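In structure tokens, the structure reads:
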């Protein structure tokens with residue numbers, strides 16, 4: 002897949018040790034485990050990967066990437082597949098997950114880090130499920146787990162440059 006290759010991630014070095022899948026905290030909810038995604042990429046099963054649940058269920062925790070003995074950025078591959086699916090208009094297996102993904106990235110773009118309250122508000126507005134999880138959110142807020150105002154990183158220009166590079170690399174494909 003051109004997008005994955007252009008990102009500099011070499012998936013062909015995967016020898017199917019399955020350490021990525023064994024350490025994945027959400028593998029139970031995936032239709033294809035991380036090691037299977039690497040194999041499917043090698044076999045050219047791109048359309049199937051772009052339409053699967055796995056790329057949207059991935060929590061981007063980087064456990065898989067950390068455990069890989071060949072230093073393959075498996076989480077980076079999942080991210081690139083998500084971005085490709087969004088760009089190509091592939092209907093996701095999990096319809097609300099792309100909305101969450103977009104809210105997450107918008108929060109990072111705006112503040113340089115995730116501001117959970119605004120991210121969740123944006124997600125709830127996009128899904129029109131305004132009152133789902135209201136009790137949980139209120140409990141988290143009263144315990145100080147959700148900050149009312151976002152904190153910003155000092156040098157947001159680096160974040161903007163990162164998003165700009167990502168847009169430029171997608172335009173070249």
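Residue numbers (this note's numbering): 2 to 174. Where is the CB? At the ideal position from N, CA and C, for every residue including glycine. Since we're looking at a predicted model, the values are computed, not measured.
Residue j beta carbon less than 8 Å from that of residue i
i	j	result
residue 118	residue 147	yes
residue 42	residue 64	no
residue 57	residue 27	no
Residue i versus the options, residue with shortest Cα-Cα distance
i	options	result
residue 84	102, 69, 95, 130	102
residue 106	131, 164, 38, 127	164
residue 16	49, 79, 36, 124	36
residue 110	67, 152, 25, 59	152
residue 80	156, 53, 59	59
residue 70	156, 14, 161, 136	14
residue 77	143, 114, 21	21
residue 48	23, 89, 112	89
residue 156	113, 131, 144	113
residue 23	66, 130, 159	66
residue 95	53, 150, 126, 132	53
Pairwise C-alpha distance: residue j and residue i
i	j	result
residue 75	residue 30	17 Å
residue 25	residue 34	8 Å
residue 10	residue 40	14 Å
residue 141	residue 134	11 Å
residue 154	residue 166	19 Å
residue 173	residue 86	Caution is warranted here: a pLDDT of 44 is assigned to residue 173, below 50, making its placement in the model unreliable, and no coordinate value can be reported.
residue 50	residue 93	10 Å
residue 162	residue 61	21 Å
residue 116	residue 124	12 Å
Sequence ranges, alpha helix (DSSP H) only - wholly within the stretch 122-150, length at least 4: 135-143
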